[in-house]
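Heads up, the thing below is written out as structure tokens.
Residue numbers (our numbering), protein chains in the order written: chain P, 2 to 237; chain U, 2 to 237.
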């Protein structure tokens, strides 16, 4: 009796270097996918998250890691790409998500998923993973399930493979209904090294999280509720 | 009696520097839109079409012209971005469109429309114009009406303006059901200077059209059927 090898199933995973996308990558690997990670240098205020993405890609031994240069800062209008707009600092996680904040980058997930679709087509991948979350999130329109489903419908009409080979594209959002605490707990179970991740929108020099932006507040509450210490926070 | 000024209605127009996108731009202007043109340096084999786009934008006095740098060549797989894949040279226009050709660039219109959506959001534009055509075309999946409608549905779930201000996004495809001859005739009527446009996939040095790729064949037949001489062809 011989054991047949599993066929390679490639998947494209959007990897920002933050907590959510890293747990999403670990889930794709646990499901048996060969991961092609995709990151962007898109004019974000700081480059630390890209350094984190590169370390995570290496630590998790992905099949490939593509970094696309794309200056979304030319459009302006977001605190994440325009240094003249301050990043808001809420008093607590409860204040977050009541309206779409200035950290929203116009059409960012649409653009990132479109480029992931191109990479998926050239890698022969039917699966795209994105770590969006519609519970503990900042209120971005392009993190909602209805947006993801509409993108998937469009993607299945957009590509040569989808048309000629009936190659169905799936947009996988394994975190979309998890709380931040559940995301942290899932990552811990899958052996994610959270010390490699950076969630902060506005880190200090050296990539130290500010501790008070939306992303830091949500992360703190996530670790607290899950009952873990955040290994990325320097222990003074 | 005072005459009220027309309110400015901004529109984003994708402008490649070719015949179709230039006629599309002229249609948007005739409909009274203030045009924000958008072009891409996306790793295409030749840069002449960008030079054409810049001249057209200037000649038609658009409100703004944004050129985005985005290297789609990293994905490979297309004769338009990979110099090692030859551009096919059909014997006539009748041979074109039977299958999706190697000039297809993975997910190109999806990516271009996504970035147009970001520009539209920052310019306060509800209208995006793209010169796709589903009759005299090369068989690309992302030129079909069903793709455009699915993109529009997705776009209306994607952005802050769409959600907070019920700001409907429309993807306008005025050429989608025109023959190439009708596109040429429309451009002539609207005063398009076709000598500024370049359609060729594989021009000679100096931006002289090769005369035998898909795009050249379709353009030749368009001018012929419309009964005009193509002013962009050097008269030897």
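Yeah, the Cβ is synthetic: ideal placement off N, Cα and C, and Gly gets one too.
Query, Result
"For residue 152/U and residue 166/U, what's the separation of their Cα atoms in angstroms?", "20 Å"
"I need the DSSP call for residue 174/P, collapsed to helix, strand or coil.", "coil"
"Which residues bound the alpha helix (DSSP H) around residue 67/U?", "Not the alpha helix (DSSP H): residue 67/U falls in the beta strand (DSSP E), residues 65 to 70."
"To the nearest angstrom, report how far apart residue 173/U and residue 110/P are at their CA atoms.", "22 Å"
"Closer than 8 Å, CB to CB, is residue 34/U near chain P or not?", "no"
"In angstroms, rounded to a whole number, what distance separates the CA positions of residue 156/U and residue 20/P?", "27 Å"
"For the beta strand (DSSP E) that contains residue 11/P, what are its first and last residues?", "11 to 15"
"Apart from the five residues on each side of it in sequence, which residues of its chain come closer than 6 Å, Cβ to Cβ, to residue 200/P?", "19, 20, 216 and 220"
"Kindly identify the DSSP beta-bridge partner or partners of residue 209/P.", "205/P"
"Report the rounded CA-to-CA distance for residue 142/U versus residue 31/P, giving the unit in angstroms.", "33 Å"
"Can you tell me where the alpha helix (DSSP H) holding residue 148/P begins and where it ends?", "146 to 159"
"On the DSSP bridge assignment, give the partners of residue 37/U in chain order.", "13/U and 65/U"
"My output table needs one value for residue 122/U: the three-state DSSP class, helix, strand or coil.", "helix"
"Looking only at C-alpha atoms, which of 146/U, 203/U and 129/U sits nearest to residue 25/U?", "129/U"
"Residue 50/P: buried (16+ other C-beta within 10 angstroms of its C-beta) or exposed?", "buried"
"Does the CB of residue 73/P have a neighbour CB from chain U at under 8 Å?", "yes"
"Under 8 Å, Cβ to Cβ, is there at least one residue of chain P near residue 90/U?", "no"
"Taking any Cβ of chain U, which residues in the segment 8 to 21 of chain P have a Cβ under 8 Å from it, in chain order?", "none"
"Where do the ends of the beta strand (DSSP E) carrying residue 128/P lie?", "128 to 130"
"Closer than 9 Å, Cβ to Cβ, to anything on chain P: give me those residues from the segment 161 to 194 of chain U, in chain order.", "161, 162, 163, 164 and 165"
"Starting from residue 42/P, follow its DSSP beta bridges and name the residues at the other end.", "70/P"
"In chain P, what lies closer than 8 Å to residue 70/U by C-beta?", "70, 71 and 72"
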